[in-house]
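K.L.:
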Ligand code: C2E
Ligand code: MG
Ligand code: MG
Ligand code: MG
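In UniProt numbering, the protein residues as written are 647 to 938.
#1: In whole angstroms, what is the alpha-carbon distance linking residue 658 and residue 714?
#2: In the structure shown, what three-state DSSP assignment does residue 704 receive?
#3: Starting from the C-beta of residue 936, find all residues in its chain whose C-beta is less than 6 angstroms away, skip the five residues before and the five after it, and write them out in chain order.
#4: How would you label residue 905, buried or exposed, when you count the other beta carbons within 10 angstroms and need 16 or more for buried?
#5: Classify residue 737: buried if its beta carbon has 16 or more other beta carbons within 10 angstroms, exposed otherwise.
#6: What beta strand (DSSP E) runs, 3 residues minimum, are completely inside the stretch 741 to 785?
#7: Beta-carbon within less than 6 angstroms of residue 909's beta-carbon, same chain only, minus the 5 sequence neighbours each way: which residues are those?
#8: Please classify residue 716: does DSSP put it in a helix, a strand, or coil?
#9: Per DSSP, what kind of secondary structure is residue 709 in: helix, strand or coil?
#10: Taking 8 angstroms as the cut-off, is the C-beta of residue 915 nearer than that to any heavy atom in ligand 1?
#11: Note down the Cα distance separating residue 669 from residue 836, rounded to an integer number of angstroms.
#12: Helix, strand or coil, according to DSSP, for residue 732 in the structure here?
#13: On the three-state DSSP scale, how would you describe residue 666?
#14: List the endpoints of the continuous alpha helix (DSSP H) containing residue 806.
#15: On the three-state DSSP scale, how would you describe residue 879?
#16: Counting only the same chain and skipping the five closest in sequence on each side, list residues whose C-beta sits under 8 angstroms from that of residue 815.
#17: How big is the Cα-Cα spacing for residue 915 and residue 654?
#18: Of all the options 765, 790, 907, 881, which has the alpha carbon lying nearest to the alpha carbon of residue 897?
#19: The beta strand (DSSP E) with residue 822 in it runs from where to where?
#20: Give the DSSP bridge partners of residue 689, in chain order.
#21: Quick one: residues in its chain with C-beta nearer than 6 angstroms to the C-beta of residue 705, no 5 flanking neighbours on either side, listed in chain order?
#22: So is the beta-carbon of residue 879 under 8 angstroms away from any non-hydrogen atom of ligand 3?
#23: Using the rule of at least 16 other Cβ atoms within 10 Å of the residue's Cβ for burial, across every protein chain shown, is residue 794 buried or exposed?
#24: Considering just the uninterrupted stretch of the alpha helix (DSSP H) at residue 894, what are its terminal residues?
#25: Alpha carbon to alpha carbon, what distance is there between residue 891 and residue 769?
#26: At the level of alpha carbons, what is the spacing between residue 923 and residue 804?
#27: Using only alpha-carbon positions, find the residue among 697, 725, 864, 830 that is nearest to residue 850.
#28: For residue 708 versus residue 723, is the C-beta spacing smaller than 9 angstroms?
#29: 9 angstroms is my cut-off, CB to CB: does residue 816 come that close to chain B?
#30: Is residue 675 buried or exposed, if buried means 16 or more other CB atoms sit within 10 Å of its CB?
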């Protein structure tokens, strides 16, 4: 009986394993097709100032809706693409598409803020990353100061000296640099003063319990104060409720991102969102004024 159960367990185990492997192989193939035929989409999540209305930035987030497999999360896509090496083509597509789409919104007078793009450490550490950034800006004609790169502390693992040098080269081009998911890594804080960065994004795991957990509240306030003393900007990620927003505002956070303000938006939705918040009157409305 025990032997039989053991065999069953083993069979179930190999079956699960086979299924997992074949699922990954399928995903890998589908990913390749999507890369070649433009099957992805970018969504954009606004970042707002302390008033809660003014858009001060936005983050581009990868979305893939597969016709049969349905919605596949970006974390899953990235993890497979990193294993297979498809990450480089994918990231290039993300960066170029984000720059092109934001440039077109700028040309329509809808937005005047940077767009942030997530950069996977693998891509950052590979040679020619700086060339890629230059090339993308050149092709899309987006001004460098309107591109923000979101990096994690992980880029410092391995050859930290080289990473710091790459950051300086990027800064020379004029792009903005942000540290994403701040507070979740394991590196020492001393690196902060050595990096030519502009912005810190407090990870949403701290924001989540900010009202109910006094430790998370203290950590968040500590991060905000430290970041300001370093003369950098600080953004809170994952703001979902009014009390969280109020607490962060009281703590002098600079910018806010989260479902409380807006979910990530498809390009068309973003256009509507920006149109509603536009301060400059559009050409059409000023013409109407003239007619009156
Ligand atoms: P991230 O860069 O930290 O992005 C923020 C994530 O938090 C996004 O998840 C966003 O949808 C989610 N989020 C925003 N506001 C809230 C909120 O109020 N509550 C909650 N619960 N979540 C919120 P998403 O889009 O699933 O992306 C997950 C991660 O996948 C990203 O984390 C980023 O690390 C990675 N990622 C996404 N797009 C790309 C990409 O184009 N390239 C690379 N390399 N990584 C990407
Ligand atoms: Mg990010
Ligand atoms: Mg983050
Ligand atoms: Mg994250």
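Backbone N, C-alpha and C fix where the C-beta goes; we use that ideal spot for every residue, glycine too.
P.N.:
Taking the geometry as given:
#1: Along the chain shown, one-based indexing puts residue 658 at 12. Along the chain shown, one-based indexing puts residue 714 at 68. When rounded, the distance between both Cα atoms is 25 angstroms.
#2: As a first step, residue 704 must be located in the chain shown, where it is residue number 58. Residue 704: strand per DSSP, three-state reduction.
#3: The residue given as residue 936 occupies position 290 in the chain shown. Its pLDDT being 40, under 50, residue 936 is placed unreliably by the model, and the measurement read from it follows with that caveat. Excluding positions up to five away in sequence, the list is empty.
#4: Within the chain shown, numbered from 1, the residue matching residue 905 stands at position 259. Around the Cβ of residue 905, a 10 Å sphere holds fewer than 16 other Cβ atoms; the residue is exposed.
#5: For the purposes of this step, residue 737 is taken as the residue at position 91 of the chain shown. Result: buried.
#6: 761 to 764
#7: In the chain shown, residue 909 corresponds to position 263, counting from 1. Here the set comprises nothing.
#8: Counting from one through the chain shown, the residue named residue 716 turns up at place 70. Of the three classes helix, strand and coil, the one that applies to residue 716 here is strand, per DSSP.
#9: The residue labelled residue 709 in the question sits at position 63 within the chain shown. In the structure shown, residue 709 sits in a strand (DSSP, three-state: E or B).
#10: Taking the chain shown and counting its residues from 1, one reaches residue 915 at position 269. Checking the Cβ of residue 915 against ligand 1 gives no.
#11: As a first step, residue 669 is located in the chain shown; it is residue number 23 there, counting from the start. As a first step, residue 836 is located in the chain shown; it is residue number 190 there, counting from the start. Roughly 42 angstroms separates the two Cα atoms.
#12: Start at 1 with the first residue of the chain shown, and residue 732 comes out as number 86. Looking at residue 732 - three-state DSSP - the assignment turns out to be coil, as it is neither helix nor strand.
#13: Your numbering for residue 666 matches position 20 in the chain shown. If DSSP states are grouped into helix, strand and coil, residue 666 belongs with the helices.
#14: Residue mapping note: residue 806 aligns to position 160 of the chain shown, counting from 1. Counting along the chain, the alpha helix (DSSP H) containing residue 806 begins and ends at 806 to 819.
#15: The residue you call residue 879 lines up with position 233 of the chain shown. In this structure, residue 879 counts as strand in the three-state DSSP scheme.
#16: Position 169 of the chain shown, counting from 1, holds the residue named residue 815. If we look at residue 815 and ignore the five residues flanking it on each side, its Cβ neighbours are 776.
#17: Counting from 1 along the chain shown, the entry for residue 915 is found at position 269. Counting from 1 along the chain shown, the entry for residue 654 is found at position 8. Those two C-alpha atoms are separated by around 51 angstroms.
#18: Locating residue 897 in the chain shown gives position 251, where the first residue counts as 1. The shortest Cα separation from residue 897 among 765, 790, 907, 881 belongs to 881.
#19: Locating residue 822 in the chain shown gives position 176, where the first residue counts as 1. Unbroken beta strand (DSSP E) run through residue 822: 822 to 828.
#20: Translated into positions along the chain shown, residue 689 becomes position 43. Note: residue 689 sits in a beta bridge opposite 707, 912.
#21: For the purposes of this step, residue 705 is taken as residue 59 along the chain shown, with counting starting at 1. Counting only Cβ-Cβ distances below 6 angstroms, and skipping sequence neighbours, we find 691, 762.
#22: Position 233 of the chain shown, counted from the first residue, corresponds to residue 879. No.
#23: The residue given as residue 794 occupies position 148 in the chain shown. By the neighbour-count rule (16 or more Cβ atoms within 10 Å), residue 794 is buried.
#24: The sequence position of residue 894 within the chain shown is 248, counting from 1. Element bounds for residue 894: 888 to 896.
#25: Along the chain shown, read from residue 1 onward, the residue named residue 769 stands at position 123. Along the chain shown, read from residue 1 onward, the residue named residue 891 stands at position 245. So the two alpha carbons sit approximately 34 angstroms from each other.
#26: If you number the chain shown from 1, residue 923 lands on position 277. If you number the chain shown from 1, residue 804 lands on position 158. Between residue 923 and residue 804, the C-alpha separation is close to 44 angstroms.
#27: Along the chain shown, read from residue 1 onward, the residue named residue 850 stands at position 204. Comparing Cα-Cα distances from residue 850 to each of 697, 725, 864, 830, the minimum goes to 830.
#28: For this step, residue 708 is matched to residue 62 along the chain shown. For this step, residue 723 is matched to residue 77 along the chain shown. Yes, Cβ-Cβ distance for residue 708 and residue 723 is below 9 angstroms.
#29: Considering every chain present, this structure includes no chain B. It has just one protein chain.
#30: The residue labelled residue 675 in the question sits at position 29 within the chain shown. Residue 675 comes out exposed.
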